[in-house]
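**Q**
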Amino acid sequence: MSEIDADAAASQKLRKSERVKRKGNRTSEDGDSAGLGKGRAAAFVAPAMLLIAIFLVFPALWTLYLGLTNYRLTGFAATHPRFVGIDNYVNALTDSRFLNSLGLTLLFVLGSAVIGQSVLGFAIAWMMTRVRKGVKSVVEFFVLLAWIVPSSVSTFLWLALLDRNNGTLNTLFGTGTTAWLLQFPMQSIIVFNTWVGTAFSMLLFSSALGAVPPTQLESSKIAGAGAWAQLRDVIFPHIRSHVLTNTILITLWTFNTFTPYLLTAGGPDHRSEILPVYIYRLALSEGSLGQGSAVSLIMILINLVIALVYLRILREKKS
Amino acid sequence: MTAATATRLSATDSAPKTKARNRQRWASSRTYISAAIIVLWCLLPAYWMMVTAFRDVGYTFDATPFFTHVTMDNFVTAFSTDLGNHFGRALLNSLIIGIVSTVIALVVGVFAAYALARLNFRGKFLVLGFILGASMFPGVALVTPLFQLFTDLSWIGTYQALIIPDISFVLPLTVYTLTSFFREMPWELEEAARIDGCTQGQAFRKVIMPLAAPAVFTTAILAFISAWNEYLIASQLSNDATQTVTVAIASFAGAQPHQEPYTTVMAAGTIVTIPLVIMVLVFQRKIVAGLTAGAVK
Chain A
4 MSEIDADAAA SQKLRKSERV KRKGNRTSED GDSAGLGKGR AAAFVAPAML LIAIFLVFPA
64 LWTLYLGLTN YRLTGFAATH PRFVGIDNYV NALTDSRFLN SLGLTLLFVL GSAVIGQSVL
124 GFAIAWMMTR VRKGVKSVVE FFVLLAWIVP SSVSTFLWLA LLDRNNGTLN TLFGTGTTAW
184 LLQFPMQSII VFNTWVGTAF SMLLFSSALG AVPPTQLESS KIAGAGAWAQ LRDVIFPHIR
244 SHVLTNTILI TLWTFNTFTP YLLTAGGPDH RSEILPVYIY RLALSEGSLG QGSAVSLIMI
304 LINLVIALVY LRILREKKS
Chain B
12 MTAATATRLS ATDSAPKTKA RNRQRWASSR TYISAAIIVL WCLLPAYWMM VTAFRDVGYT
72 FDATPFFTHV TMDNFVTAFS TDLGNHFGRA LLNSLIIGIV STVIALVVGV FAAYALARLN
132 FRGKFLVLGF ILGASMFPGV ALVTPLFQLF TDLSWIGTYQ ALIIPDISFV LPLTVYTLTS
192 FFREMPWELE EAARIDGCTQ GQAFRKVIMP LAAPAVFTTA ILAFISAWNE YLIASQLSND
252 ATQTVTVAIA SFAGAQPHQE PYTTVMAAGT IVTIPLVIMV LVFQRKIVAG LTAGAVK
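Residue numbers (this note's numbering), protein chains in the order written: chain A, 4 to 322; chain B, 12 to 308.
#1: Nearest CA to the CA of L300(A): which residue from V60(A), I238(A) and L160(A)?
#2: Is it the case that the stretch 201 to 216 of chain B contacts the stretch 130 to 141 of chain B, given that we only count it when at least three CB pairs across the two stretches are under 8 Å?
#3: Quick check: is the beta carbon of S40(B) nearer than 8 Å to any beta carbon in chain A?
#4: Can you pull out the residues from the stretch 163 to 194 of chain A whose beta carbon lies closer than 7 Å to at least one beta carbon of chain B?
#5: Is V283(B) near V256(B), with beta carbons less than 8 Å apart?
#6: Roughly how many angstroms lie between the CA atoms of S191(A) and P56(B), to the nearest whole one?
#7: Of all Cβ atoms in chain B, is any one closer than 8 Å to the Cβ of N196(A)?
#8: So with Cβ pairs under 8 Å, would you call L54(A) a contact of chain B?
#9: Residue ranges of each alpha helix (DSSP H) run of no fewer than 4 residues wholly in the stretch 221 to 303 of chain A, ordered along the chain?
#10: What residues in the stretch 236 to 249 of chain B have a beta carbon less than 8 Å from any beta carbon of chain A?
#11: Which chain B residues sit within Cβ distance under 9 Å of L212(A)?
#12: Does any residue of chain A bring its CB to less than 8 Å from the CB of V119(B)?
#13: In whole angstroms, what separates the C-alpha of T29(B) from that of A38(B)?
#14: Kindly provide the ranges of any alpha helix (DSSP H) runs that are 4 or more residues long and lie completely inside the stretch 178 to 253 of chain B, ordered along the chain.
#15: Helix, strand or coil: which one does DSSP assign to F77(B)?
#16: Whole angstroms is fine: what's the gap from I89(A)'s alpha carbon to G70(A)'s?
#17: Could you tell me the alpha carbon to alpha carbon distance between Y273(B) and D166(A), rounded to whole angstroms?
#18: Starting from the beta carbon of Y313(A), find every residue of chain B whose beta carbon is closer than 7 Å, and list them in chain order.
#19: Tell me the rounded alpha-carbon separation between N250(B) and T92(B).
#20: Residues in the stretch 164 to 197 of chain B with C-beta within 8 Å of chain A's C-beta atoms, listed in sequence order?
#21: Which residue from I225(A), A214(A) and I253(A) puts its Cα closest to that of F239(A)?
#22: Which residues in chain B have a C-beta closer than 9 Å to the C-beta of S299(A)? List them in chain order.
#23: Along the chain, where does the alpha helix (DSSP H) that runs through R100(B) open and close?
#24: Could you check whether the stretch 245 to 261 of chain A touches the stretch 222 to 237 of chain B, counting it as contact only if at least three pairs of C-beta atoms, one from each stretch, sit closer than 8 Å?
#25: Let me see if you follow: with CB-CB separation under 8 Å, is F111(A) close to chain B or not?
#26: Would A128(A) count as contacting chain B if we go by Cβ distances under 8 Å?
#27: Within its chain, find whatever has a CB closer than 6 Å to the CB of R41(B); leave out the 5 residues flanking it on each side and keep chain order.
#28: Nearest to I174(B) by CA position, among F294(B), S105(B), F192(B) and A145(B), is which residue?
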């Protein structure tokens, strides 16, 4: 889905050639193949654009303004927010809690998305190329299930799994009363997020691996290539763009996920307070909506930068 | 002499062959063992949920990994309103919110996607880029502005306060996926239909829609799952009357004030998860195709 640029470029090219082809016999200079007409097309697109604009883009831009005020959840500032300039932004960028949160987020994204989900997803997809179809769909089913269980249910399951007293993990491995979420908060949410999100990487890599020509695999095997050489020289060139797409998407999703809050609430002592959790606690638990909005805007900007870098890489690769 | 060489040859020949076969067998069983481990890894928490959901509350922390002390009481408790829980109500709310937002998002999305796929206009790629950019906003960043907006509109505690964000959250992906689908359909379809005497509306209704139905359906499943699972917005913008299941589960109250009502929550979680399990079972291939479609092309 984020290959919009590639898509756009490709379809533009296609359309151009089609236009040239058709110029003689029909009036498709404006590319209006269905005879919709500009007015009707605008009417078709307008409701979707309005909904997205009013309830998605406008709120995102509104955080810019809210970040400049001392808006609070309760009290006088809740009804009469005062303009405070860029104080919130300065506070955020110099606050050690923000920097700590940023570092943890980086660790979280690297550990659970770039390494955890990608590597595990690829490993499973790779394995599934060698098993019977039935086994493959059973495995797919369970991986998919972990992904679509509602977050409030799956976090509860993990709370039960990791519980200090009588938790399933402690019972199974005889690890006594290890308080996993207190002693290893980051490790816990990283493993949890890997568990939740592996499905997407696996499915994407599965369909990518299906497109690798089997003859090339055969001939590399005959030429005596080991598994690693085969992976590097035959498979990787074929799935490079998928690796890129996958990495960027799961990076964005993981960067934005709020679910770990339901496991550790950012604690203990801010040790698992990734950015979305930080914003949530700042704005909604502590009531500093203005300060929370300032951090939100910074987060949105980081999102945009990641997306732009991705589009840039994609364009360079295509040209 | 020849016979002897032959036996010797076959003897030396068969030894590496069996070895190779053994190695292959080991490799393939290793793959299956790994597959079993993956299934276990994904299943363990969900399995534990079921075991606990059906277990007598007095044996909540019993470590037996099988179904023991089986009872349906927890499901009854989950629906009881004695302790101030409104699970039944929440289930109905989630169903209403999920269905309404899916239908609206699909109707709005289909039209937008059709126009975007079939018409070249200036700024079209800006529009698509705008849509995609919007799909990347972090939900937690939008809670505060939406909270303020809906407070100003006095919408807090209404259905539309939960339905509309659900729609705007799934709309970008819906439009994007459907656009790439419509784009693949040959343009000659509408042309042929119109030559046969269809109006544009009829061509769309009678030719395009039936062909697009599978893609629309897949997108609808994904949209419904996303609305059904939404937690963050619902936790802030709902009240007791409009609370959704995901919020209800996270805030389940038990008989003891400081004791998580594990068995009851597990029972409730089982109920919430069952529709999703059924959906995945029935539509697995469609869901897989829909998830990877946009990203693979």
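Idealized CB from N, CA, C, for every residue including glycine. The model shown is predicted, which means the values in this text are computed figures rather than measured ones.
**A** Judging by the given coordinates:
#1: Considering only alpha carbons, the answer is V60(A).
#2: The stretch 130 to 141 of chain B makes no contact with the stretch 201 to 216 of chain B: fewer than 3 CB pairs, one atom from each, lie closer than 8 Å.
#3: Not an interface residue.
#4: When C-beta distances to chain B are compared with 7 Å, the residues of the stretch 163 to 194 of chain A below that value are A163, L164, N169, T171 and T174, in chain order.
#5: With contacts defined as CB atoms closer than 8 Å, V283(B) and V256(B) qualify as a contacting pair.
#6: About 14 Å.
#7: So no, N196(A) is outside the interface.
#8: Yes, contact with chain B.
#9: Entirely contained in the stretch 221 to 303 of chain A, the alpha helix (DSSP H) runs reaching 4 residues are, in chain order, 230 to 233, 239 to 259, 264 to 267 and 278 to 283.
#10: For the stretch 236 to 249 of chain B, the set of residues with a beta-carbon nearer than 8 Å to any beta-carbon of chain A comprises I236, W239, N240, Y242, L243 and Q247, in chain order.
#11: What L212(A) touches in chain B: nothing, since even the nearest Cβ is about 11 Å away.
#12: Interface criterion met: the Cβ of V119(B) is under 8 Å from a Cβ in chain A.
#13: If I take the Cα positions, the gap works out to 14 Å.
#14: Counting only runs of 4 or more, we get 199 to 206, 220 to 240 and 243 to 248.
#15: DSSP places F77(B) in coil when its eight states are reduced to three.
#16: Taking the straight line from one Cα to the other gives about 8 Å.
#17: Going from the Cα of Y273(B) to the Cα of D166(A) covers about 11 Å.
#18: Correct list: empty, because the minimum Cβ distance to chain B is about 10 Å.
#19: Going by the C-alpha atoms only, they are around 16 Å apart.
#20: Under the 8 Å Cβ criterion, the stretch 164 to 197 of chain B contributes I175, P176, I178, S179, F180, L182, P183, L184, V186, Y187, T188, S191 and R194.
#21: The shortest Cα separation from F239(A) among I225(A), A214(A) and I253(A) belongs to A214(A).
#22: Under the 9 Å cutoff, chain B gives P149, V151, A152, L153, V154, T155 and P156.
#23: That run of the alpha helix (DSSP H) goes F98 to R129.
#24: They do not touch, by the three-pair rule.
#25: For F111(A), the nearest beta carbon of chain B is not closer than 8 Å to its own beta carbon.
#26: Closer than 8 Å: no.
#27: Hits under 6 Å: none found.
#28: Cα-wise, what sits closest to I174(B) is S105(B).
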